[in-house]
Amino acid sequence: MSITESELDEARAGWGNALIDISRAFDEDGFDAARAVAEQMLNDAYGYGFGPVLFKPTMASGEQTFRSTKNGALSYFVGHDNDFPLDGGFGLKGWRAMRSVTAASFIEGDV
38 MSITESELDE ARAGWGNALI DISRAFDEDG FDAARAVAEQ MLNDAYGYGF
88 GPVLFKPTMA SGEQTFRSTK NGALSYFVGH DNDFPLDGGF GLKGWRAMRS
138 VTAASFIEGD V
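Counting in the numbering used here, the sequence shown runs from 38 upward without gaps.
1. Report yes if the CB atom of residue 50 is closer than 9 Å to the CB atom of residue 137, and no otherwise.
2. With a Cβ-Cβ cutoff of 9 Å, do residue 131 and residue 75 count as a contact?
3. Inspect the beta-carbon positions of residue 88 and residue 101 and report whether they are closer than 9 Å.
4. Excluding the 5 residues flanking residue 96 on each side, which residues of the same chain have their C-beta closer than 7 Å to its C-beta?
5. Could you give the residue range of the alpha helix (DSSP H) that holds residue 132?
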């Protein structure tokens with residue numbers, strides 16, 4: 038099953054909207070609400086239910102650069118996890134807009 042350029046655009050927009058939703062939930066209803074929105078985003082946009090994911094957070098480095106577990110990804114977005122002490126909650130930073138610029142896409146058959 039191939040993915041189209043339009044579906045890629047839709048996925049990026051959905052991710053950006055989810056980031057904004059996490060920030061809004063945090064600002065309006067607090068940490069628990071933001072965490073719930075972030076968990077739903079991870080369920081919808083990432084494949085953690087299928088096995089390990091190689092998610093590379095923008096601001097992560099060192100031994101915790103990649104987040105192969107859902108808990109690791111959740112910590113990146115909302116922080117407050119002692120296993121990831123450097124995470125400050127990327128999704129809690131007051132996001133109200135997101136712009137995605139794609140340098141290039143490569144779609145080849147089912148790859």
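Note that beta-carbon positions come from the ideal geometry of N, C-alpha and C, so glycine has one too.
Let me lay it out:
1. Counted from its first residue, the sequence shown places residue 50 at position 13. Counted from its first residue, the sequence shown places residue 137 at position 100. Cβ distance < 9 Å, so residue 50 and residue 137 count as in contact.
2. Translated into the one-based positions of the sequence shown, residue 131 becomes position 94. Translated into the one-based positions of the sequence shown, residue 75 becomes position 38. No, the Cβ-Cβ distance between residue 131 and residue 75 is not below 9 Å.
3. Reading the sequence shown from its first residue, position 51 is the one you call residue 88. Reading the sequence shown from its first residue, position 64 is the one you call residue 101. No, they are not a contact pair.
4. Within the sequence shown, residue 96 is the residue found at index 59, counting from 1. Cβ within range, chain order: 127.
5. In the sequence shown, counting from the first residue as 1, residue 132 sits at position 95. Counting along the chain, residue 132 falls outside any alpha helix (DSSP H), and DSSP gives it neither H nor E.
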